[in-house]
Amino acid sequence: MNDVILVTGGAGFIGSCFIRHILKTEEVSIVNLDALTYAGNPENLKSIEKNPKYTFVHGSIQDAKLVKSICEKYNVNSIINFAAESHVDRSIMNAHPFIETNALGTLVLLETVNELKLKLMLHVSTDEVYGTLGKSGKFTEITPIAPNSPYSASKASSDLLVNAFVNTFGTPALITRCSNNYGPYQFPEKLIPLMILNALEDKPLPVYGDGLNVRDWIHVQDHCEAIWTVYKNGEQGQVYNIGGNCELTNVDVVKTILDHLNKPDSLINFIKDRPGHDRRYAMDIEKISYELDWEPRYNFELGIEETIKWYIDNPNWCNNVRTGAYRDYYKKQYGEI
Ligand code: NAD
Ligand code: TDX
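Our numbering numbers the first residue of the sequence shown as 70 and each following residue consecutively.
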């Protein structure tokens with residue numbers, strides 16, 4: 070029998086890419102449970118919403134009764150958990166929703182897996198749980214967890230819960246930890262889409278601090294293919310790092326975007342640093358490469374070009390997500406628009 074997978078947070082940036090990709094390539098059914106927060110957008114799933122192997126349920130992973138009833142009703146046999154509050158700057162403004170969804174929501178899913186004896190839960194996590202690196206070295210799966218932001222602390226909490234359930238109850242679960250994603254449909258609060266949209270409108274590009282913080286960029290399609298590889302072939306109880314082998318400073322990312330758009334570097338506006346700003350992330354992906362034969366396929370130059378083109382070609386999507394609530398957030402974070 071084909072898998073019925075409960076994908077949580079599937080209306081967001083990465084979850085929607087995963088659903089679009091998997092429904093095209095695999096014989097599985099997907100039930101998408103999403104709370105449709107500011108980051109959840111049904112437009113991301115327009116292309117597959119009528120697919121008979123796809124069902125959408127509006128609700129929260131914190132709702133244990135709902136999660137259980139969905140699993141029973143649709144004969145779900147596994148869960149892939151993308152649902153999260155995902156933006157560091159928002160977690161600095163208010164950490165509560167982060168703990169509620171990321172930690173407590175994950176706990177509900179783990180308890181459901183135990184109660185209904187589901188086959189597997191894959192928990193989608195982040196490199197940020199490892200904290201920050203100096204100039205050299207990379208995060209491996211045994212790097213100690215040392216989160217620095219409320220966001221990363223909430224993701225670390227969820228990872229620790231998964232680990233505790235595996236060890237205490239033998240829960241069939243595993244964790245992926247990925248570096249910074251970019252690509253189409255990313256909400257424009259994150260660095261790359263924010264900079265593309267501001268540059269297109271000749272607005273200042275707000276770069277925190279000296280702009281020399283380093284992130285390891287991966288195309289969202291590569292991340293989704295890696296998640297599927299781990300879902301199919303990963304070992305229960307294990308953690309798998311995923312990364313793009315592409316370390317760049319923020320200012321280099323921003324300059325690349327400006328170059329592609331033929332806009333001047335003078336649009337860059339260095340502003341006050343993010344509190345607790347992690348200096349550098351870099352992922353060691355030897356484990357997933359050797360054990361599961363996965364490597365990222367995208368090259369950043371090509372990926373960023375395609376991504377910029379997508380934002381240019383989809384003005385309606387961009388305008389629809391920049392609602393009044395978005396403008397309020399922008400004003401609070403960056404000052405007058
Ligand atoms: P996103 O903010 O774009 O989407 C999150 C989705 O979760 C939204 O659709 C939202 O409506 C939904 N959601 C929020 N709270 C919910 C709840 N209580 N119940 C059900 N749904 C809820 O985030 P993203 O960038 O797509 O990230 C997805 C996952 O990948 C997150 O767990 C994040 O921590 C992780 N991750 C992200 C990145 C990245 O660079 N974006 C990198 C590594 C890991
Ligand atoms: O306006 C900005 N100016 C700026 O300089 C923004 C939004 C960001 N930055 C910097 C901060 C970071 O060094 O750019 C870098 C990337 O920032 P974000 O896009 O906010 O990502 P980051 O904080 O690195 O976290 C991301 O990667 C790991 C995702 O948001 C997380 O969900 C994921 O877990």
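Glycine residues also receive a C-beta, built at the ideal position from the N, C-alpha and C atoms.
Note that this is a predicted model, so its numbers are computed, not measured.
- His292 sits buried, since 16 or more C-beta atoms from the chains shown fall within 10 Å of its C-beta.
- A distance below 7 Å between beta-carbons, with the five flanking residues on each side excluded, links Gly345 to the following residues of its chain, in chain order: Asn217 and Ser218.
- Tyr254 is the residue among Cys315, Tyr254, Thr94 and Leu176 whose C-alpha sits nearest the C-alpha of Lys378.
- Within its own chain, the residues whose Cβ lies closer than 7 Å to the Cβ of Ile265, once the five positions on either side in sequence are excluded, are Ile326, Ile377 and Tyr380, listed in chain order.
- Taking a 10 Å sphere around the C-beta of Thr175, we find 16 or more other C-beta atoms and assign the residue as buried.
- DSSP places Glu316 within a strand segment (E or B) once states are collapsed to three.
- In the structure shown, the three-state DSSP call for Tyr251 is strand.
- The beta-carbon distance between Leu75 and Lys137, rounded to whole angstroms, is 11 Å. This is too long to meet the 8 Å contact definition.
- The segment 201-210 makes no contact with the segment 153-163: fewer than 3 CB pairs, one atom from each, lie closer than 8 Å.
- Relative to the ligand TDX, the beta carbon of Pro275 is positioned inside 7 Å of a heavy atom.
- With contact defined as three or more Cβ pairs closer than 8 Å, the segment 88-105 and the segment 119-132 are in contact.
- Counting only unbroken stretches of 3 or more residues, the beta strand (DSSP E) elements lying wholly within the segment 253-289 are 274-277 and 283-288, in sequence order.
- Beta-carbon to beta-carbon, Trp297 and Leu317 are separated by about 26 Å, too far to satisfy the 8 Å threshold.
- Beta-bridge pairing by DSSP links Asn150 to Thr77 and His192.
- Residues Val73, Val100 and Thr124 of the same chain have their beta carbon placed closer than 7 Å to that of Tyr143, with the five preceding and five following residues left out of the count.
- Of all alpha-carbon atoms in Val322, Thr77 and Phe82, the one lying nearest the alpha-carbon of Trp386 is that of Phe82.
- A straight-line Cα-Cα distance of about 12 Å links Glu294 and Ile357.
- In the DSSP assignment, His156 falls outside any alpha helix (DSSP H) and carries neither an H nor an E.
- Classified as buried, Leu243 has 16 or more neighbouring CB atoms from the shown chains inside 10 Å of its CB.
- The ligand NAD approaches Val193 closely enough that one of its heavy atoms is under 7 Å from the residue's Cβ.
- Relative to the non-hydrogen atoms of the ligand TDX, the Cβ of Asp158 comes within a distance shorter than 7 Å of at least one.
- Taking a contact as a CB-CB distance under 8 Å, the pair Tyr251 and Val289 counts as one, their CB atoms being some 7 Å apart.
- Bounds of the beta strand (DSSP E) holding His127 are Tyr123 to His127.
- Under a 10 Å Cβ-count criterion, Glu141 is classified as exposed, with fewer than 16 other Cβ atoms of the shown protein chains found around its own Cβ.
- Collapsing the DSSP output to three states places Leu361 in a helix.
- Under the three-state reduction of DSSP, Met162 is assigned to helix.
- In the DSSP assignment, Val390 falls within the alpha helix (DSSP H) that extends over Pro384 to Val390.
- In chain order, Ser358 place their CB closer than 6 Å to the CB of Glu364, counting only its own chain and leaving out the 5 sequence neighbours on each side.
- Look at Ala104 here: in three-state DSSP terms it is coil, with no helix or strand label.
- With a cutoff of 8 Å on beta-carbon distance, Val177 and Ile130 are scored as near each other.
- In this structure, Leu361 and Gly303 form a Cβ contact; the two beta carbons are roughly 7 Å apart against a cut-off of 8 Å.
- Collapsing the DSSP output to three states places Thr240 in coil.
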